[in-house]
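Read top to bottom, the protein sequences are chains U and S. Sequential numbering of the first sequence, starting at 9, is according to this note's numbering. Sequential numbering of the second sequence, starting at 26, is according to this note's numbering. Every residue gets a Cβ at the ideal spot worked out from N, C-alpha and C, and that includes glycine. The structure displayed is predicted, hence computed values, not measured ones.
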Amino acid sequence: MLSRTADHLFWMARYMERAENTARMLDINYQTSLLPQSADRAEQGWRGMLGISELTGAYQQRHGKIDARHVMDFMVHDETHASSIVSCLRAARENARAVRGSITTELWETTNQTWLEFNRMLRQLNFERDPSAVFEWVKFRSHLSRGVTVGTMLQDESLHFIRIGTFLERADNTARLLDVKFHALAGDYFGREQTNEAPEVDFYHWSAILRSVSGFEIYRKVYRNVIVPEKVAELLILRPDMPRSLASCMNGVVDNLRLVANQQSADTQRRAGRLRSDLEFGRIDEILATGMHAYLTHFLDRVNDIGAGISRDFLVPA
Amino acid sequence: MKASFDEMNSASGVRPHYKVFRRWLDEQPVASMRARRDEAELVFRRVGITFAVYGTKDEDGAGTERLIPFDVIPRIIPKHEWQQLEAGLRQRVHALNRFVHDVYHRQEIVRAGVVPQEQVLKNAQFRPEMVGVDVPGGVYSHIAGIDIVRAANPDGSGTYYVLEDNLRVPSGVSYMLENRKMTMRLFPELFTLHRVAPVAHYPDLLLESLRAVAPAGVNEPSVVVLTPGMYNSAYFEHAFLAQQMGVELVEGKDLFVKDGFVYMRTTQGPHRVDVIYRRVDDDFLDPQAFRPHSTLGCAGLLDVYRHGNITLANAIGTGVADDKSIYPYVPKMIEFYLAEKPLLQNVPTYLCRDDKDLRYVLGHLPDLVVKEVHGAGGYGMLVGPAATRVEVEAFRAQLVANPANYIAQPTLALSTCPTYVESGIAPRHIDLRPFVLSGKTVQMVPGGLTRVALKEGSLVVNSSQGGGTKDTWVLEV
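This is the structure in structure tokens:
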């Protein structure tokens, strides 16, 4: 297939996934903000949200003080930056439109409809009335587009590049989420430590992370235990059966990459395979000994590097 | 203005080929028709059947995309009329292809004094690069869109005229196909009441035509559609046709020339291309040969083309035959190349470059339609009867300044067809663009795209100027 087509498909999938993850994180922050908590704590949540998307600077330039309403507005319908949900949905739709001949009619129409509907919802002020419903809707549309993709696309390169985009973006987003949330507690997280906060604050913090990746019930099912940060980290980093974990995402990347391999992609495949192996054979106590922040920063660098390799090998060849 | 020919109603009642439809229409509750029209609009928007208009933003914030209004009342053509049209179209396109070949070879028609030499050689659309180049099968205009109108005669009957030949990159065929899909979706019962000739196989015929003109020796040609990109006004159509044919939709930057062949960049490395259905104008095809700053084409393409290692559809230089100053000679071309009488009539045309004609035109401006020779899309024209005095005088000044740039024709009262408008159903002027494919043979699907001028009394059907479209039926019985 055309390199440009693969490029559009890859980014179409990434933007849709990014929109979903942003909606997930905003929703959890919003839900958490409804719980009784200190103003500091609340602000920390929103600050973290901006940090995940590397938007703290841009936000402060625009709004200055950090508060829930403004951060949500900024992340949902501010068109001046590329990470808001509205910008992601537009980018997904523009990429789809550029290759509408290479995706199924159903997938194009789903993507186009998502964009049109989202704009209608913003116009009708649905978001002001009920933010959660809008977040829920974005998540649902992303599920739908993924379902339509898998359910209608021929299993050829087009599909593989879409899947690579989805998994790579998800790996990136989950890692950022973990980084910010572990960072939020204490400078760097090196395993169980003494905190001065009441245990129930911890519970809400960690369960919020789990919920943001649809992992709360999974955690209970897998560990049948109280919620402790080590296990949250293990679930979201190393468990290959947890669909939004780093391990699971990298499995998806490696498997799909193998299906599209070409003459120059060996090194990118090697790097991706090595990252997968590190996750497959890694242990959470080792990761915590390194420090979560250091570990995740390194992980993000490697994901970024794989993304650049894919781009060079397949999408925008010289 | 003269009375128009109405496609549905004659002085003595509903025409026979509309009788069944009319009866059905009269039975439809107003509310249900309105609901179906809304449904059509919704579907067109979801499917993204849009065209781009620069510098505007629509209510969905989708930037520059607009829907072309679709009218639910079809334009119906009886079988015997289509048979005559089809024969005339075949003949005309055949002669036009012969003409382009001749222009770039021995110029027999010029030698014979049928077409003045300067009309050919001084034509801005004449491409000296094409002289002596042989194209596969001698086919230049693989896809031709011939614009046809019907005007009323004094006795109340109507006559079809060719208004314009589009031999470069005619567009609109996707609307023909989507309109039919829409009518079948909205009113399936109509298709049990009528035997409507299908059109959905157009992409198949197109692919067959394109494969048939591959460079010699290529057995399994790799065909692509070349688009200027997603911001082009006809992008939807480019993507649609590529998808329907199952071929790649490429942009200039996807192509490159190496060792005398054209390749596209794929995820598995370079892949050779044999036939390009290009939806990019000549000027932008090759920055080395034409406009140097064009990023829409592929550097070195012309060279490969001249060596016969790539086929372009349509060929470079076809504009020399669809220019409005060449148009008046088409009937003579038919006689010259085919030794046949033209089956389709031209609209009588005055060439303003000719002194005698110019004098006549200047004396009758309020009665005439004056068009730019190279104009398209309904721009740069004067519709005398609809223009104000000030507009006429302003145009007169332009015309006198550069007469060779204009032709003039009597105002034809284009036929009308009942159409849904704000106030209900009312007659609106229409035209017809059948699409004629030339490969190994000349082929077409029955009908074409009917465009309708939605403004009352307007004769301008172009979508960029408020025109809409209708489904076009050719009845099989």
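Cα-Cα separation, U/A14 to S/L230: Each residue's Cα considered, the two are about 28 angstroms apart.
Under the three-state DSSP convention, the category U/G315 falls into: Reduced to three states, the DSSP call for U/G315 is helix.
Buried or exposed (CB count within 10 angstroms, at least 16 for buried), S/V415: Within a 10 Å sphere around the beta-carbon of S/V415 sit fewer than 16 other beta-carbons, which makes this residue exposed.
For S/H226 and S/L235, the rounded distance between their alpha carbons: Separation of S/L235 and S/H226 (C-alpha to C-alpha, rounded to the nearest whole angstrom) is 14 angstroms.
Secondary structure of S/S29, DSSP reduced to three states: The answer is coil: DSSP assigns S/S29 none of H, G, I, E or B.
Chain-order list of residues whose beta-carbon lies under 6 angstroms from that of U/L283 (same chain, five-residue window excluded): Apart from the 5 residues on each side of it in sequence, U/L283 sits with its Cβ closer than 6 angstroms to the Cβ of M258 and R310 in its chain, given in chain order.
Cβ-based neighbour list, U/L115, same chain, cut-off 8 angstroms, excluding 5 preceding and 5 following: Excluding residues within five positions, the ones whose Cβ falls inside 8 angstroms are A104, S153, V156, T157, T160 and M161.
8 angstroms CB neighbourhood of U/S92 in its chain, flanking five on each side removed: Answer for U/S92: T30, F82, M83, V84, H85 and D86, listed in chain order.
Bridge-paired residues (DSSP) for U/D321: Partner(s): none; U/D321 has no beta bridge.
With 16 other Cβ atoms within 10 Å as the buried cut-off, status of U/R22: Classification of U/R22: buried, given that the 10 Å Cβ count is 16 or more.
Residue from S/H126, S/P103 and S/H42 whose Cα sits closest to the Cα of S/I341: Looking at S/H126, S/P103 and S/H42, the one whose alpha-carbon comes closest to that of S/I341 is S/H126.
Unbroken stretches of the beta strand (DSSP E), 3 residues or longer, contained in the segment 437-478 of chain S: If we require 3 residues or more, the beta strand (DSSP E) runs fully inside the segment 437-478 of chain S come out as 441-446, 449-458, 460-463 and 474-478.
Assigned secondary structure, S/A241 (DSSP; H/G/I helix, E/B strand, else coil): Correct three-state label for S/A241: coil.
Supposed contact pair U/A106 and S/M58 - C-beta distance, whole angstroms, cut 8 angstroms: Wrong, their Cβ atoms sit about 36 angstroms apart, outside the cutoff.
Minimum Cβ-Cβ distance from U/E117 to chain S less than 8 angstroms: Taking Cβ atoms only, chain S reaches closer than 8 angstroms to U/E117, which makes this a yes.
Exposure of S/A16, with buried meaning 16 or more beta-carbon neighbours within 10 Å: Outside the displayed range of chain S (26 to 502) lies residue 16 of chain S, so it cannot be described from this structure.
Beta carbon proximity, S/R71 to chain U, threshold 8 angstroms: True, the Cβ-Cβ gap to chain U drops below 8 angstroms.
Cβ neighbour criterion (16 or more within 10 Å) applied to S/V156: Result: exposed.
For U/F224, the three-state DSSP class (helix, strand or coil): In this structure, U/F224 counts as helix in the three-state DSSP scheme.
CA nearest to the CA of S/L192, picked from S/A239, S/V118 and S/V198: Considering only alpha carbons, the answer is S/V118.
Nearest neighbour of U/C96, chosen from U/E25, U/R128 and U/N270 [CA to CA]: Of U/E25, U/R128 and U/N270, the residue nearest in Cα terms is U/E25.
U/L43 beta carbon less than 8 angstroms from that of U/Y303: Taking the C-beta atoms as reference points, U/L43 is found no nearer than 8 angstroms to U/Y303.
Nearest-angstrom Cα separation, counted from U/D321 out to S/V395: Rounded to the nearest angstrom, the gap between the Cα atoms of S/V395 and U/D321 is 56 angstroms.
Where S/R136 falls, given that 16 or more other Cβ within 10 Å makes a residue buried: Classification for S/R136: exposed.
Any C-beta of chain U under 8 angstroms from that of S/G86: Because the pLDDT of S/G86 is 46, which lies under 50, any placement of that residue in the model is unreliable, and the number read from its coordinates should be weighed accordingly. Chain U, which has a Cβ nearer than 8 angstroms to the Cβ of S/G86, makes this yes.
Residue span of the beta strand (DSSP E) that contains S/M97, given as start and end: Here residue 97 of chain S turns out to be Val, not Met, going by the sequence shown. Residues F95 to I102.
Whole-Å CB distance - S/I171 paired with S/P373, under 8 angstroms assumed: By a beta-carbon distance limit of 8 angstroms, S/I171 does not contact S/P373. Their separation comes to about 18 angstroms.
Chain S within 8 angstroms of U/N120, Cβ atoms only: Yes, U/N120 lies at the interface with chain S (some Cβ there is under 8 angstroms from its Cβ).
Rounded straight-line distance, which links the Cα of S/G162 to that of S/A503: Chain S is shown from 26 up to 502; residue 503 of chain S falls before or after that span and cannot be answered.
Distance between U/H168 and U/M9 (C-alpha atoms, nearest Å): Each residue's alpha carbon lies about 11 angstroms from the other.
Neighbour flag for S/H42 against chain U, beta carbons, 8 angstroms: By this cut-off, S/H42 is not an interface position.
Within 8 angstroms, strictly: CB atoms of S/G492 and S/I102: The answer is no: Cβ separation not under 8 angstroms.
Residues that S/M289 bridges to, as DSSP identifies them: Answer is S/L280 and S/H296.
Proximity winner among S/R476, S/G333 and S/D382, relative to S/Y431 (alpha-carbon distances): Taking only the C-alpha atoms, the option nearest S/Y431 is S/D382.
Where U/I74 falls: helix, strand or coil (DSSP): In the structure shown, the three-state DSSP call for U/I74 is coil.
Residues in the segment 137-165 of chain U having any Cβ partner in chain S nearer than 9 angstroms: For the segment 137-165 of chain U, residues whose beta-carbon sits nearer than 9 angstroms to a beta-carbon of chain S comprise E165.
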